[in-house]
Every structure is written in structure tokens, then in C-alpha cells.
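Chains as they are written, first to last, in the UniProt record's numbering: chain A, 1 to 798; chain B, 1 to 798. Every residue gets a Cβ at the ideal spot worked out from N, C-alpha and C, and that includes glycine. Only a predicted model underlies this, so the values are computations on that prediction, with no experimental measurement involved. Worksheet: one structure, shown below.
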């Protein structure tokens with residue numbers, strides 16, 4: 001077997017620049033989607049899925065703009081492995097104690113800043129949303145009370161249309177990646193997949209974040225069925241990214257302190273803090289935020305990070321609390337404790353009765369079924385929307401506006417369909433209310449009566465949640481109102497998510513879930529001994545679990561939302577059932593979106609059939625790895641960089657004649673740094689250690705690669721040599737060719753690799769020291785099955 | 001470099017059985033402590049730290065009984081790596097769908113059983129403790145009220161003496177490993193270190209658990225300053241271990257279903273569930289239990305396990321709740337809601353004032369300082385106790401009884417030192433109380449007066465906690481009483497922990513912390529706007545954080561204890577400060593105990609100086625690896641097994657003359673299985689696949705190795721051959737010799753390895769395909785520094 005390989009593998013990879021075969025390989029890489037105008041012509045040009053096994057199947061017409069479920073075209077892997085080359089080692093060894101302390105201080109300062117800024121931004125967003133919606137509703141209700149129903153509708157729909165227009169235009173024109181929830185992209189980022197536009201191009205980050213803030217305010221205030229959690233998580237992560245780069249564009253701090261953060265690992269940690277802060281800001285759930293990041297978002301985790309993330313979320317909570325204190329006495333317009341306190345039932349005593357077992361179990365099972373159904377239908381809707389969104393900017397805008405008009409119509413008209421309910425004397429002045437947030441909205445009813453559906457529909461989403469969650473209101477909502485509410489929010493929840501505005505998934509699901517929870521409680525009233533409001537909470541939890549398949553973090557988020565520990569065991573029970581039922585049908589909604597986007601997410605567990613395949617077989621199915629010699633001709637390097645999209649190249653050495661040794665792995669961006677600096681040698685020689693060290697700083701080496709065409713080299717320069725010794729990572733992780741793919745996947749994921757070298761079981765004089773190179777794409781189940789379809793018949797074991 | 005190694009590494013490892021050099025090597029292994037009579041003469045004989053680099057330094061006289069801080073002599077590594085040999089692959093492939101479903105069902109059923117049984121045992125322990133202590137206190141107080149002070153003291157001290165005697169005798173005579181907290185051992189187990197006596201020898205598990213239960217009841221009821229959390233965690237883990245083996249001794253279920261659990265990985269997962277359940281049972285904190293296991297105990301973690309652990313703790317909570325319901329109306333004697341509800345302040349409204357910042361910060365800083373001091377002094381006390389405990393069983397018993405008498409004297413006499421306080425009319429009939437749990441104990445005071453120190457000292461530890469945590473009692477406790485309480489519990493907390501009874505660390509620390517929290521509140525009363533009871537909670541949290549250095553899990557445990565979310569931000573703040581301050585001085589208490597016990601715990605992060613050392617250099621500093629040929633003589637294998645304590649042997653192959661290839665790694669217990677079955681070949685040949693498959697089941701291969709002397713072989717048999725092909729794991733994880741130790745440690749720990757093979761950078765005809773083999777001991781910082789002391793000068797980077 002080794003002998004077979006040796007003749008083609010030994011020696012230099014491209015002895016004479018031959019572009020034809022190399023370019024052929026490029027198309028096999030499957031990154032460059034021919035239907036995608038941006039990816040082939042794009043600036044950087046390095047859309048590097050790094051030597052993937054196969055062209056990804058494109059069942060959808062790919063859109064180059066990252067609207068929710070649309071395929072993402074530019075993908076880069078991140079370097080979470082420590083690249084131990086000579087320069088790094090020197091740089092690291094020469095750090096003084098002061099610099100180490102700087103680094104530690106900065107890590108904490110940044111975690112603090114992320115928390116602080118996320119908290120402030122979340123407060124401002126809430127302030128804006130509550131005020132805009134409050135004023136809008138007040139005016140609309142006034143028109144209705146004057147029986148000017150059409151005027152009321154036009155006013156209501158018009159304002160919503162305008163707000164949606166602003167949000168959608170911002171998204172469509174300026175920051176396409178601001179649309180959608182952001183969580184899947186961040187999940188992918190923390191898994192090691194970079195979608196460069198996620199945080200915007202570097203100079204766009206701040207603008208993108210501003211757009212996201214304004215877009216989120218517009219979208220949520222327009223009354224559409226979407227939440228601010230997704231955008232908040234995205235904003236938190238953007239903030240973290242921005243800070244780790246020392247600022248933006250012109251004002252970018254080229255602070256010496258920051259150079260230690262110019263690596264993917266520290267950025268990843270900070271973005272984890274940002275994502276936690278976002279969740280925390282959305283629900284005021286600090287522990288829940290940390291756990292959400294741990295359970296759902298992050299791939300790698302360690303105790304120290306838990307600690308730092310916790311620090312960020314604690315900061316967020318303190319900021320939010322301060323904000324509520326400031327606004328307590330109506331100093332913030334319509335904002336009371338508004339969007340920040342969803343639900344507080346700490347004063348409700350929960351007693352369990354055996355009779356509750358039936359409805360509670362039902363809530364759990366229904367949560368799982370509905371969640372799975374929601375995932376399935378949403379998947380179809382997103383595919384449909386992708387087709388629409390791919391038609392261009394105008395199509396996206398029209399889609400968003402159509403959804404807005406439909407939403408306005410539903411919210412405005414449906415309350416007219418239900419009869420008015422007389423107020424109970426118990427509630428006193430609280431019933432009915434006009435133009436305030438709270439239950440018992442009077443709307444079109446005579447004095448002393450209230451419209452229960454209006455209480456749910458004519459409010460911000462958070463207000464609606466608070467109303468439906470409210471305790472001691474078992475008789476408030478009529479069954480038909482709740483059914484209508486459930487139906488309209490099912491439709492809205494499915495058709496709103498994919499449009500081109502910043503949107504979160506949590507709140508739509510919570511609204512749906514709380515509705516069916518209350519419906520269950522009403523229908524099975526004779527078994528129910530717990531407050532109906534708590535059933536709404538359970539329904540929301542169950543549906544979230546059924547759709548998102550989280551457990552511990554959801555449990556803690558709901559614990560923190562309800563502030564009532566006694567509800568915990570029952571919440572756990574419901575979550576367990578819902579997740580189990582949901583898992584029987586389809587994967588979680590985030591996995592579906594990741595898949596739709598075509599992000600090469602690496603699952604935590606290898607498939608069992610991977611045990612039947614060796615990495616050697618896997619490597620044999622893909623093109624031979626492109627290798628470099630440790631002292632290589634400039635022309636060869638330029639050719640290799642130009643003709644492949646790979647990000648890492650094995651470097652071979654010939655210490656003695658006839659002996660070929662694996663020296664290590666060199667990265668594309670390091671090669672590019674050398675080309676840009678024109679650090680060439682006239683003769684083929686090994687350099688001294690200090691030569692490269694004087695020339696290159698670690699900051700320069702951390703720069704993105706850029707395009708090879710940017711560097712113009714003269715024929716003389718092309719004829720010179722580069723010594724790769726100082727740039728080569730001499731200790732890449734390797735596996736022997738007989739290793740099973742299952743074990744290789746475990747190694748790849750747990751050690752957070754970007755490249756994994758395969759070495760032969762036996763080396764000899766005439767045998768290449770490298771069998772192949774594996775990347776994220778090669779190890780994805782879907783891609784392997786494409787090349788080895790017979791493996792697909794093996795069953796899955798959980 | 002390779003050439004140097006080649007002459008001695010090539011070929012067979014021990015061409016002719018030469019015991020002399022092999023035995024020499026044995027002493028270098030450092031496992032067999034010459035001072036330890038059990039380890040050299042012990043039955044199994046395989047005390048396998050597996051080719052460690054160096055003899056561990058023994059600053060302490062080692063004791064062979066695992067009393068708290070004493071060195072553990074028998075240590076085995078666990079196999080968390082999947083051993084992919086032919087037999088495993090066949091066994092795994094031949095599983096039917098039904099078997100896979102059985103496996104999944106069983107996993108969940110076992111998680112459920114672990115939760116259920118832990119919950120039941122915890123309930124019974126509480127019931128016993130509350131009743132014993134209650135009756136004891138009632139009788140004692142009656143004697144005091146009759147002014148028979150000496151009789152009261154003798155009665156009190158006598159009962160305590162008897163209870164301690166029972167607990168200590170059980171521990172000392174029958175189950176030495178039952179002493180101490182158990183958490184460090186479980187932490188080490190989940191890190192991959194097995195101390196075989198931890199769960200008792202297999203036939204002792206049930207007995208050990210019973211002893212632990214009785215011992216824990218005795219120790220806690222005797223009024224000593226120790227908690228039941230540690231023992232509960234240990235019991236949970238023992239239960240998990242017992243279940244995974246299908247039962248115990250004679251009644252052991254040889255159930256076919258269970259064979260899939262006969263591996264270290266599944267056992268590890270189940271033990272994680274058990275440990276979480278234990279914490280959950282101690283504090284009724286289901287989420288806290290899961291997080292405790294995640295943050296403090298477990299080394300490897302994945303989402304699926306989070307989910308299963310959660311299921312276990314949810315079961316525990318339901319059991320506990322059911323138990324409380326049953327006992328609600330006094331049907332369980334003195335047990336009310338006794339030891340199960342520590343603290344409930346959900347009805348207290350917490351308002352923050354800027355003024356509170358000072359005392360709260362002070363509580364945090366003091367928590368860190370005191371925690372670090374506590375760790376330091378406890379370390380010294382444990383070293384002293386080790387010396388005493390090493391003197392034999394009697395010494396241990398006397399030590400335990402002395403502590404008991406001292407405790408009794410302190411608890412009984414100190415309340416006489418404080419004056420009586422008049423009852424406030426506000427408390428009505430609740431003040432004073434006689435012979436009931438609760439505040440305002442009358443003790444020696446006249447009617448209408450109470451003794452505040454007696455309220456704290458004359459109660460179970462949980463009752464005392466509840467009293468000092470109680471809200472609305474700012475005026476109840478006098479400063480001098482609190483100071484006395486703090487002082488006595490500092491002394492008791494330090495001198496109780498190391499004695500030979502089952503003991504937990506949580507409660508002593510909580511008591512100390514709550515005392516200084518309240519003291520701070522009293523002293524700084526004019527800054528304090530929060531209830532003094534909450535300051536006690538904050539003090540407890542801060543001291544725990546300062547000593548144990550946990551954050552998120554502590555925070556959630558306290559959240560679940562207090563059932564009040566509003567306290568969360570302030571708790572977080574205090575925890576952060578205390579941990580930061582504590583970290584500046586010394587490691588956490590668990591790390592100190594792990595270190596005292598000499599358990600080779602693998603830290604999550606490699607030291608930075610490890611980047612300056614390659615695994616090749618590390619391997620060169622230790623004896624040459626003992627290798628086997630793929631078809632090997634029986635006599636050689638016997639000799640190798642007898643003369644080394646290694647658990648894994650690299651297997652070499654010679655596919656062609658002159659070519660030596662690494663075939664894989666074979667485990668000692670697999671070799672022993674072959675020897676026991678006498679599966680020998682008359683001639684040197686390779687067997688067919690089915691031959692071994694017919695002979696060996698995976699259950700047999702999972703058995704522990706046992707001693708090679710158990711197998712008596714005739715000279716003819718010794719002259720035969722064994723084909724190692726079917727038993728060799730052909731895909732062990734390997735590293736190239738140039739890999740830095742830092743990266744090797746990351747690989748070793750993240751992939752949960754037991755052996756790591758080092759392969760040469762370049763192989764050739766005359767070069768051995770294996771440079772060395774690394775195990776847990778080789779990769780521990782302490783051991784490496786012993787061999788490479790110059791590295792110690794490099795500074796540490798966090």
C-alpha cells in the first residue's frame with residue numbers, strides 16, 4: 001500500500017509551475033459556487049473550505065446574502081490551535097511579567113466592557129421599543145374609542161409599515177447579515193467556522209451594530225412576531241469582536257496591549273462572553289445566559305471561561321437593575337419595568353396535586369410534538385423564503401412589508417371578532433384599562449367591559465407575554481380568544497422569522513407555547529390545581545424545549561424569569577418530556593438553520609459508522625495534499641497560493657539525501673506575510689533564528705491572508721527562495737493512517753483543530769512522510785457519506 | 001538522534017527472560033512504596049502508575065489507609081479511550097437494533113435509579129439525624145432545666161461519644177475509605193484515576209455504602225462540625241458504581257443487558273450522575289447539583305451527559321419533595337421539614353442601597369482571605385493528622401473520640417458564658433422555646449428570656465444554619481455570642497475534618513461563613529440596609545467561594561437555597577471577589593486534598609513552561625518502553641507482565657524483513673485474559689479472525705487484570721506463542737516526538753487517554769517505530785519538573 005503511494009507523493013509537489021492541474025483542483029474544492037457572483041469575484045478570494053472532500057450539494061438556489069436560512073458563501077476556518085512556530089515561541093518567551101499582567105487585566109476589563117455595553121444597549125433598545133409601541137397603541141386606541149375604526153387601522157398599519165420599512169431597508173441595503181437571529185452564526189463561529197460577514201467586514205462592524213440596534217427597535221416596535229433576544233446576542237458578540245480588535249476603522253486603537261488579543265482563541269472567548277451577555281440582557285437571567293452559552297452556543301469550554309462569562313453577565317444584570325431603578329418613577333416615558341421583567345411569581349405558592357400530572361404531561365408531550373412540527377414547517381418556509389429572497393433586494397423588502405401588513409391586519413382586526421367580557425369587581429380600577437400596558441384592555445368595549453384578545457394582541461410582545469403569564473387570572477381569557485391568539489401566532493411565528501429584519505426566535509415560541517399552555521389548562525380545568533398563568537409558563541418552556549432542545553439552560557432561564565423555585569421540578573419534568581418527544585422527530589431548530597446555511601458545523605459526537613473507515617481511506621478519496629519544501633522557491637509558493645484555496649500546507653524537509661521528513665505545517669497567511677515583506681533569499685539556504693525574528697512581529701503574522709494577486713513580484717524575485725523554518729508549526733497534531741475516522745473526529749473537535757495531518761504507518765526512504773491532510777469539511781458526516789455511500793446503511797447509535 | 005536509539009530499541013524487548021534488569025526497572029516505577037506494607041505484598045499486585053517518570057517525593061509518612069489527607073497507595077488509570085481492537089469492532093458491529101435500544105433504555109433507567117435511591121437514602125439519613133439529635137437535645141435540656149448541669153453534660157457528651165464511637169469504629173475497622181469527604185476521590189476518578197478502594201473492593205461496595213450511611217448518621221448526630229454532603233456525594237457515586245456492575249457479590253446480576261456497561265466510560269458517566277445527585281440531595285438544589293458536577297467534579301463533559309445528569313437530580317428532588325409531603329404533619333417524629341429546607345427567603349424584598357457596597361465588599365474580601373487561611377491551616381492540620389492516623393487504628397479512634405469530647409464540651413459549656421436575653425413581645429409564643437428546633441432557645445434562662453448562643457449550638461448543623469440565616473432577627477443575636485460561635489466553629493472546622501468519620505466540608509464552611517457575615521452586618525450596622533440573615537447567607541457564600549473556588553455552581557446552589565432571585569447579583573459580586581482574593585494565595589481545598597493524597601490529577605491547563613520541552617526529551621528521560629512482538633512467545637509475555645507494572649505495551653510488527661512497524665497497543669488485562677484462557681499457538685503464526693472471536697467475549701476482556709502469578713503454566717505452554725492481532729488496539733493516539741509537552745497534555749486530557757504513544761519523526765529500516773509511551777504520571781507538572789528542574793524557573797502565565 002505504501003509502495004503504491006510513494007512514486008507520486010515523494011519529492012516536490014509542483015516542480016514546475018503547472019497551472020492546469022492545480023486549477024482543476026480548485027473547482028473540486030466546492031467552495032466557489034458558480035451560481036454565486038460574489039464568491040468568485042470577491043475581494044479576498046480565499047473562500048477556503050480547505051480541501052473539502054466533495055462539492056456540497058446545492059438543493060437550494062444559493063443566495064449570497066445571509067438572510068436567515070440562506071447559504072453562506074464565504075466561510076473560513078478559525079485557528080484555535082496554538083501555532084507553535086519559532087516566531088511564536090520567541091514572542092511568547094520574551095513576554096515580561098508586566099505584559100502578562102497586562103494581558104490578564106485586559107481579559108477581565110474586556111469581559112466587563114462587553115457586559116457593560118450590552119447592558120446599556122439592551123436598556124436603550126427596551127426604552128425605545130416601549131415608548132414607540134406605547135405611543136402607537138395609545139393613539140390607535142383613541143381612534144377606536146372615537147369609533148373611527150378605519151382611521152385606527154390605517155394609523156396602526158401605517159406606523160407598523162413605516163417601522164418595518166426602516167428595519168428592512170437597513171438590513172437589506174446595508175447589513176444583510178444583521179437579519180435573522182445571529183445565534184446559529186455565532187454557534188458556528190465558536191465551533192471554528194468564520195463567516196467573514198457575520199460581524200461585518202472590520203470597518204463595518206460598528207455600522208452593522210448600529211443598524212442592528214435600529215433595525216431591532218424598528219422590527220419589534222412594528223408589532224411583528226419577533227423578539228429582541230437574537231439581535232441582542234448578536235450585538236453582544238459584535239461588541240466582543242469589536243473590542244478585541246481595539247475599535248473600528250479609522251478610530252481603531254493600535255494599542256500595544258491589544259496585540260495579544262489578535263488571535264482567534266482570545267476572540268472566541270470574548271465572543272462567548274458577548275453571547276452570554278446578550279441572552280442575559282434579553283431575559284435578565286445571568287446564570288441562564290451563561291448556561292445558554294455553555295449548552296447551546298459554545299463548542300469549547302473550560303472552567304476559567306465559565307468564570308469570566310459569569311462576570312460579564314453579572315455586569316449586565318447590574319446595569320439593567322440600575323436602569324430600572326432610574327426609570328422607576330416614570331422618568332422614562334412609557335417605560336415602566338417594561339421589557340425587562342417578564343414575569344415574577346415569587347409570591348405564588350405552588351402545591352402539587354397528583355391530578356396535575358395529566359395536564360402537565362400533556363403540556364410536555366404537546367410541546368415536543370408542536371416543537372418538532374414547528375421546526376419542520378419553519379424549515380419549509382425558510383426554503384421558500386430563500387427562493388424569494390434570492391430574487392434580489394426588492395423581493396426581500398416586499399416580503400418584509402407584506403408580512404408587516406398581514407401582521408397589522410391580524411392584530412388590529414381579530415379583537416373585533418370576540419365579544420366583550422364584563423369586568424369582575426375584584427380587579428377594581430385595573431379593569432378595564434385604556435392606553436396603558438397591562439391586562440383588561442377596553443379597546444372597542446363599553447365601559448365596565450374589556451376585550452381579552454386585545455389585551456394579548458395590542459401590546460409589545462413582552463407585554464403580551466406578561467399578560468398571558470399573569471397569575472390569578474384564570475377567568476380572564478376566554479377559550480375562543482386563546483385559540484385565536486394561538487392560531488394567529490402560529491402563522492405569524494412561521495412566516496415572520498425568515499424576513500429581512502433582525503429577529504429572535506425565543507419570544508415567538510414563548511407566545512405560542514404560553515397560549516397552548518393556557519388552553520390546556522382551560523380545557524382540562526377540572527384536573528388543574530395550579531394557577532393557569534403557570535400553565536402558560538410551562539407551555540412556553542415545553543415548546544422551547546421541543547423546538548430548541550435545550551434543557552438545563554432553559555430550566556434556569558425560566559427559573560430566573562419566574563423567580564420561583566417551587567416551579568422547578570415541574571418545569572424540569574415538562575422540559576424532559578418535550579425534548580425527548582421532539583428528538584424523536586427532527587433535530588433542533590438551530591441545527592436546521594445551520595444546515596440550511598451550509599455552515600460546516602462539527603457535531604460533538606462522531607457517527608458510529610465512522611468506526612469502519614480509516615483516515616487513510618478518507619485521504620485516498622481526495623486529491624493529493626499540496627506540500628512545500630522547507631526552503632522553497634518563491635515562484636512555487638506563489639503558484640501554490642494562487643492555484644489552491646487551502647489554508648495550510650505540509651512542509652517537508654530533506655535532512656539527508658533520499659530521506660524525506662515531515663517538518664510541519666505552514667499557514668497561508670504566514671506565507672502571504674512573507675511575500676508581502678519580500679523576505680527572500682538569493683540562495684537556497686537555511687536562515688539564522690534572529691533573521692526572521694527581526695523582520696516579523698507576531699501582530700503582522702496574525703493578519704488575514706488577503707489575495708496573492710496583491711503582491712507584484714519581479715521575475716528576479718520569483719526566482720529567489722524562502723526559508724519556511726521560522727514560520728512552520730513544527731508540532732501539528734497528527735494521526736496515523738490506520739486511525740479510524742471516529743477517533744480522528746474526536747481529536748479534531750476536542751483539540752479544536754483546523755488541520756490534521758495524516759502520517760503513514762510506516763515510513764521509509766522512498767515513502768512520503770505525509771499521507772494527507774484533513775480539515776473540517778473532510779470530517780463532516782455528510783461529506784464523507786457522499787464519497788462512501790455504502791456507510792450510510794449502517795444504523796445510528798445514540 | 002534516531003540512530004542512537006535504534007540499536008537498543010529494535011527487535012524483541014526481552015529475547016531471553018532476564019529478570020534482573022526488569023526488576024530494577026520496577027523500582028523506578030515509583031508505585032511500590034517501600035514504606036507501605038500493603039502495596040508490595042498486595043493481592044492484585046498491579047499498582048500501576050504505568051511507567052511513571054519518577055518516584056514521587058514522600059514528604060509525609062504515607063499511610064496505607066485512605067483517611068482524608070493520607071496518601072493513596074493503589075492507583076490505577078481508567079480506560080476512557082475506546083480500545084478499537086478486532087474483538088471490540090466485531091462485538092460492536094454485531095449489535096442488533098434491539099441491543100442498541102436496550103443500551104439506551106438502560107442508560108436512562110440507571111440514571112433514574114441513581115436519582116431515586118440517592119433521594120431515598122438522603123431522606124432516611126435526614127430522618128435519622130433529626131430524630132436522634134432532637135431526642136438527645138430534648139433530654140439534655142430537660143436535665144439543664146432541672147439544674148442538673150453535670151448530669152446534662154455527661155448525658156450530652158456520653159451520647160455524642162457513643163455516636164462518634166460507632167461512626168469511627170465502622171470507618172476505621174471496616175471501610176477506611178468511607179472517611180473523609182469522598183469528593184476529591186470522585187473528582188480524581190472522573191479525571192481518570194481509580195483508587196480501587198474508593199468504592200470498596202467489588203464485594204465490599206454494598207457494605208461500604210451501608211457503613212457510610214450509618215457512619216454519616218452517627219457522625220452528624222453526634223453534633224460534630226461536619227456535614228452530610230460529602231458522604232451523600234460518595235453514596236451517590238457508590239450507588240452508580242454498584243448499579244453499573246449489576247449488583248454486588250453473591251447477588252450480582254450477570255444480566256446480559258449489563259455487559260455494555262462493563263467499561264470505564266459508561267461507569268464514569270453514571271458516577272457523574274451519582275455525584276450530582278448527592279449534591280442535589282444535600283441541598284435540594286437540582287440545577288446546582290448538575291453545575292457542581294460540571295464545574296468542580298467532572299473532567300469530561302458533553303451535552304448528552306448534562307441532560308442525563310439533570311434527569312437524575314430531577315428524580316432526587318421529586319423524591320425529597322414526596323418525603324417532605326409525607327412527613328409534613330409530624331408523622332416522622334422530630335423530623336419536620338428538617339434537614340431538607342435550609343433557607344427560604346423568597347418573601348423577603350431585597351432593595352439595594354449604595355451604602356451596602358462597603359459591607360458587602362468587605363464580606364467578599366474577608367471570605368477570600370479567611371477561605372485561603374482556612375485552606376492553609378487545614379492543610380497543616382491534615383498533615384499532622386496523617387502522622388497520627390498512620391500510627392494505627394487505635395490512634396485514629398482515639399483522635400476521633402478526642403475531637404468528639406472537645407466538641408461536646410464546647411457546645412455544652414459555651415452557652416453558659418453568655419447572658420440571657422429578654423424575649424421581644426413581637427415573637428410571641430416562639431420565644432423562648434424548649435426542646436424544639438427553632439430560634440430563641442430557653443436553655444438555662446428564666447422564662448421570658450432566651451440564650452442566643454444555645455440557639456446556634458444546641459441544634460443540628462442544618463438547624464443552626466437555618467437559625468443564623470433566619471430573616472427579621474437582626475436583634476436576636478448578640479455580637480459576643482456570634483464571636484464565640486465563630487471562634488468555636490473555626491476551631492472545630494479545622495480539627496474535625498481529618499478524623500476517621502464520614503464528613504463533608506460544605507456545612508462547616510457555611511457555619512463559619514454565616515457567623516462572620518452576621519458579625520460584619522452587626523459591626524457595620526449603620527451601612528447595612530439588607531436583612532442581617534441575608535448577610536449571613538452572603539458570608540457563607542463568600543467563605544465557600546474563598547475556600548472551594550467555585551462560582552457558577554455555588555451561585556446556583558445559593559439561588560436554589562434562598563429561592564430569591566433578587567439576591568443573585570449581590571451573591572455573584574461577593575463570590576467573584578472572594579474567589580479572586582482566594583486565588584491570590586493558594587489553590588482550592590479540593591486541590592490541596594488531591595495533592596495530599598498523591599492522586600495524579602491532570603490539570604485542565606498545561607503549564608506554560610511545557611511549551612519548551614518536547615515529548616521526545618521527556619521519553620528519553622524515562623526507561624525504554626517495553627514492547628511486544630505481534631506474535632509473541634508466552635514466556636516473554638509472562639515475564640514482561642511479571643516484571644513490570646505497566647498497563648499497556650506497544651506491539652510491533654515485522655511485515656517484511658528489516659522493517660519494524662508499530663502495530664498498536666495491547667492492554668495488560670487483555671494479555672491476562674489470554675493467559676487465563678490458555679489461548680496459545682503451537683507454532684508462530686497469525687490466527688484467523690474467527691478464532692479469537694469464538695473464544696473471547698467482550699465481557700471477559702473487560703475484567704480486571706489480576707495477578708500473573710494466578711496463572712500456572714507448564715514449561716510446554718511457556719514455549720508456545722500468542723497471536724496479539726485480535727487484542728491489539730491498532731489505532732492508539734500517537735504524537736510525533738517533536739510535539740511540545742504542552743500540546744501533548746492537551747491531547748491527553750481532552751481525549752481522555754490512558755496511554756499516549758510517541759512515534760519518531762522519521763522512521764527507517766533500522767529505527768524503532770516507537771520512541772516511548774507516556775502516561776498520566778509522565779505528564780504531571782510535578783513529575784516533569786523533578787526530571788527537568790531548570791524548567792521550574794520559568795514563570796507561570798494564567
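Could you compute how far the alpha carbon of residue 388 of chain B sits from the alpha carbon of residue 551 of chain B? Distance between the alpha carbons of residue 388 of chain B and residue 551 of chain B is about 35 Å.
At a Cβ threshold of 8 Å, is residue 307 of chain B touching chain A? Chain A places a beta carbon closer than 8 Å to that of residue 307 of chain B, counting this residue as a contact.
Show which residues of chain B have a CB atom less than 8 Å away from the CB atom of residue 310 of chain A. Within 8 Å Cβ-Cβ: 551, 552, 555, 572 and 576.
Measure the C-alpha to C-alpha separation of residue 213 of chain A and residue 293 of chain A and round it to an integer number of angstroms. Distance between the alpha carbons of residue 213 of chain A and residue 293 of chain A: 21 Å.
Burial state of residue 454 of chain B (16 or more Cβ within 10 Å): Residue 454 of chain B is buried by the Cβ-count criterion.
Three-state secondary structure (DSSP) at residue 786 of chain B? Three-state DSSP puts residue 786 of chain B in a helix.
Residues in the region 710-730 of chain A with C-beta within 9 Å of chain B's C-beta atoms, listed in sequence order? Of all residues in the region 710-730 of chain A, 730 have a Cβ within less than 9 Å of some Cβ in chain B.
Tell me which residue opens and which closes the alpha helix (DSSP H) that residue 561 of chain A is part of. In the DSSP assignment, residue 561 of chain A falls within the alpha helix (DSSP H) that extends over 552-562.
Pull up the distance between the alpha-carbon of residue 433 of chain B and that of residue 447 of chain B, whole angstroms please. Cα-Cα distance, rounded: 10 Å.
Could you name the residues of the region 574-606 of chain A whose beta carbon sits closer than 7 Å to any beta carbon of chain B, in the order they occur along the chain? For the region 574-606 of chain A, which is checked against every Cβ of chain B, the residues closer than 7 Å are 576 and 604.
Can you tell me where the beta strand (DSSP E) with residue 294 of chain B in it begins and where it stops? Per DSSP, residue 294 of chain B belongs to no beta strand (DSSP E) and is neither H nor E.
So residue 605 of chain B and residue 84 of chain A are in contact, right, with Cβ under 8 Å, and what is the actual spacing, rounded? Approximately 16 Å separates the beta-carbon atoms of residue 605 of chain B and residue 84 of chain A; this is outside 8 Å, ruling out the contact.
How would you list, in chain order, the residues of chain B whose beta-carbon sits under 8 Å from the beta-carbon of residue 779 of chain A? Close partners of residue 779 of chain A in chain B (Cβ separation under 8 Å) are lacking, with about 15 Å as the shortest Cβ gap.
Under 8 Å between beta-carbons, which chain B residues line up against residue 302 of chain A? List them in chain order, please. Here the neighbours are 604 and 605.
Taking the alpha-carbon positions, what's the residue 66 of chain A to residue 109 of chain B distance? Unreliable placement is indicated for residue 66 of chain A, whose pLDDT of 43 sits below 50; the coordinate value is still reported in the next sentence. Rounded to whole angstroms, residue 66 of chain A and residue 109 of chain B show a C-alpha spacing of 44 Å.
Comparing the CB of residue 509 of chain A with every heavy atom of the ligand FAD, is any distance shorter than 7 Å? Absence of the ligand FAD is noted for the structure shown, with no ligands found whatsoever.
Going along the chain, which residues of its own chain have a beta-carbon closer than 6 Å to the beta-carbon of residue 607 of chain B, five neighbours each way excluded? Answer for residue 607 of chain B: 781, listed in chain order.
Residues that residue 314 of chain B contacts on chain A, provided the C-beta gap is smaller than 8 Å: Neighbours of residue 314 of chain B on chain A, chain order: 569, 572, 573 and 576.
If you draw a straight line from the C-alpha of residue 783 of chain B to the C-alpha of residue 625 of chain B, how long is it? Their backbone Cα atoms lie some 18 Å apart in a straight line.
Nearest candidate by alpha-carbon position, reference residue 603 of chain A, set A:193, A:668 and A:555: Ranking A:193, A:668 and A:555 by Cα distance to residue 603 of chain A puts A:193 first.
Among the residues of its own chain, which have a CB less than 6 Å from the CB of residue 128 of chain A, if the five just before and after it don't count? Setting aside the 5 residues that flank it on each side, residue 128 of chain A is surrounded in the same chain by 217, each with a C-beta closer than 6 Å to its C-beta; the list follows chain order.
Leaving out the 5 sequence neighbours to the left and right, which residues in its chain are closer than 6 Å to residue 496 of chain B when beta-carbon positions are compared? These residues qualify, in order along the chain: 224, 225, 226 and 403.
Could you check where the alpha helix (DSSP H) with residue 110 of chain A kicks off and where it finishes? Membership of residue 110 of chain A in the alpha helix (DSSP H) is indicated by the continuous run 97-145.
Residue-chain proximity (residue 431 of chain A, chain B), Cβ-Cβ < 8 Å: When Cβ-Cβ separations below 8 Å define contact, residue 431 of chain A makes no contact with chain B.
Cβ distance (whole Å) where residue 518 of chain B is taken to contact residue 575 of chain B below 8 Å: That belief does not hold up - the Cβ atoms of residue 518 of chain B and residue 575 of chain B are roughly 18 Å apart, past 8 Å.
Host beta strand (DSSP E) of residue 508 of chain A (start-end): Residue 508 of chain A -> not in any beta strand (DSSP E); alpha helix (DSSP H) instead, spanning 506-523.
Using 8 Å as the limit for Cβ to Cβ distance, is residue 791 of chain B near chain A? Interface residue (Cβ-Cβ distance to chain A less than 8 Å): residue 791 of chain B is not classified as such.
Assuming residue 818 of chain B and residue 724 of chain B make a contact with CB atoms under 8 Å, what is their CB distance in whole Å? The first residue shown for chain B is 1 and the last is 798, placing residue 818 of chain B beyond what the model contains.
I want to verify the contact list: residues of chain A whose CB lies under 8 Å from the CB of residue 617 of chain B, in sequence order. Those within 8 Å of residue 617 of chain B in chain A number zero; the least Cβ separation is about 13 Å.
With contact counted as at least three CB pairs below 8 Å, one residue from each stretch, are the region 294-308 of chain B and the region 182-189 of chain B in contact? Flag = yes, the region 294-308 of chain B and the region 182-189 of chain B touch.
Opening and closing residue of the alpha helix (DSSP H) in which residue 480 of chain B lies: 479-496 is the span of the alpha helix (DSSP H), which, as asked, contains residue 480 of chain B.
Complete beta strand (DSSP E) runs within the region 689-759 of chain A (minimum length 3 residues, chain order): Qualifying beta strand (DSSP E) stretches, in chain order: 721-723, 734-736 and 755-759.
Could you please give me the residues that DSSP links to residue 449 of chain B through a beta bridge? In the DSSP secondary-structure assignment, residue 449 of chain B is bridged to B:422.
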